[in-house]
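Data first, discussion second: the structure below is written as structure tokens.
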Amino acid sequence: MLYPGHSAEDEFPALEGILEGVHLPVRHTWEGPTDHTVAALRELGSAEQLAPAARAAADAGARSVVWACTSGSFVHGPDGMREQAGWMAEASGLPSTSTSLAFLAALEHLGIGEVSVAATYPAEVAAHLTAVLAAAGVRVTAIATHDVPSGEDAGRLSPDQVRALIGTEHDAPAVLVPDTALHTVGLISELEATLGRTVLTANLVSAWHGLRLAGWRGHSDRLGRLFRD
0 MLYPGHSAED
10 EFPALEGILE
20 GVHLPVRHTW
30 EGPTDHTVAA
40 LRELGSAEQL
50 APAARAAADA
60 GARSVVWACT
70 SGSFVHGPDG
80 MREQAGWMAE
90 ASGLPSTSTS
100 LAFLAALEHL
110 GIGEVSVAAT
120 YPAEVAAHLT
130 AVLAAAGVRV
140 TAIATHDVPS
150 GEDAGRLSPD
160 QVRALIGTEH
170 DAPAVLVPDT
180 ALHTVGLISE
190 LEATLGRTVL
200 TANLVSAWHG
210 LRLAGWRGHS
220 DRLGRLFRD
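If you count by numbering that gives the first Met the number 0, then the sequence shown holds residues 0 to 228, one letter each, in order.
Structure follows, in structure tokens:
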């Protein structure tokens, strides 16, 4: 898992504890702040940042590579985020993806074409996500933005603050929570039960898609519909 900065990377060891026999080692790609601005996010997801980290992951024995950053992928647009995965695949020789691509793969896997979005980002940033979803044929019925300044700020939100950010009023069959800086893994089952909808969070789909690319086909009843189906 190629991860920028330090905020919620502890979600991946938590997932290892739930999914038997799974390894999701984290490799940090960026040590500075992860500001939620378009310019900063594009820099986070540049080839100069990702290609060396992907190569190092392969050298360490990884079987797939995930750029575990939603905004640092979708700000490059539908074509750019696929090029981004291509940089990583070329550098590593491994199947590669990003959190944005993982969201699209999860929606396709579950047969979901309409979503509502609960985003930490400012509206200017979140608009790029809406465009990526629309280009993939996914209809966004509603999007809530919250102007959280950075990934570090998102990582400090408490479980109650995360619940409040996600809210309870959703009219689509799935709710997307697209920030890998948020701590959400321990809330998935609760949120799906409360909302009565599929809940897809950034770290959840990142792990799921990376594992599938590595050949894993396991299941869990502790991580919501995506890992159960």
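All residues carry an ideal CB built from backbone N, CA and C; glycine is no exception.
Start and end residues, beta strand (DSSP E) containing residue i
i           : result
residue 198 : 197-200
residue 174 : 173-176
residue 167 : No beta strand (DSSP E) holds residue 167; DSSP gives it neither H nor E.
residue 138 : 138-143
residue 193 : Looking at the DSSP string, residue 193 is not in any beta strand (DSSP E); the run it does join, the alpha helix (DSSP H), is 187-194.
residue 91  : Where residue 91 is concerned, there is no enclosing beta strand (DSSP E), although the alpha helix (DSSP H) it sits in stretches over 76-91.
Proximity to residue i [Cα-Cα], best of the options
i           : options            : result
residue 209 : 197, 196, 194, 226 : 226
residue 166 : 155, 154, 184, 141 : 141
residue 186 : 20, 133, 14, 27    : 14
residue 48  : 3, 69, 107, 79     : 3
residue 201 : 84, 82, 105        : 105
residue 89  : 214, 68, 46, 180   : 46
residue 132 : 55, 74, 34         : 74
residue 23  : 224, 33, 215       : 215
residue 91  : 58, 68, 83         : 58
residue 213 : 93, 29, 27         : 93
residue 56  : 0, 69, 68, 81      : 0
residue 51  : 28, 122, 71, 70    : 28
residue 172 : 199, 158, 206, 113 : 113
residue 148 : 40, 11, 25         : 40
residue 33  : 194, 192, 181, 196 : 181
Straight-line gap, residue i to residue j (C-alpha atoms, nearest Å)
i           : j           : result
residue 77  : residue 124 : 14 Å
residue 150 : residue 221 : 26 Å
residue 117 : residue 53  : 29 Å
residue 231 : residue 204 : The shown model of the chain, from 0 to 228, leaves out residue 231, and the question about it has no answer.
residue 111 : residue 176 : 15 Å
residue 130 : residue 103 : 12 Å
residue 20  : residue 98  : 22 Å
residue 100 : residue 211 : 13 Å
residue 38  : residue 178 : 17 Å
residue 144 : residue 16  : 31 Å
residue 9   : residue 134 : 32 Å
residue 169 : residue 115 : 6 Å
residue 87  : residue 35  : 23 Å
residue 155 : residue 6   : 7 Å
residue 183 : residue 66  : 18 Å
residue 189 : residue 18  : 18 Å
residue 60  : residue 224 : 30 Å
residue 126 : residue 107 : 21 Å
residue 152 : residue 119 : 10 Å
residue 217 : residue 206 : 12 Å
residue 64  : residue 95  : 5 Å
residue 198 : residue 80  : 23 Å
residue 72  : residue 83  : 7 Å
Cross-strand partners of residue i (DSSP beta bridge)
i           : result
residue 204 : Answer by DSSP bridge pairing: none, since residue 204 is not bridged.
residue 96  : 65
residue 149 : 34
residue 125 : DSSP lists no partner for residue 125.
residue 113 : 138
Residue range of the unbroken alpha helix (DSSP H) whose run includes residue i
i           : result
residue 64  : No alpha helix (DSSP H) contains residue 64, which is instead part of the beta strand (DSSP E) from 64-66.
residue 181 : Run containing residue 181: none; DSSP gives neither H nor E here.
residue 71  : 70-73
residue 227 : 223-227
**OP:** Return the chain-ordered ranges of every beta strand (DSSP E) run that is complete within the stretch 2-58 and spans a minimum of 3 residues.
**Re:** 26-29
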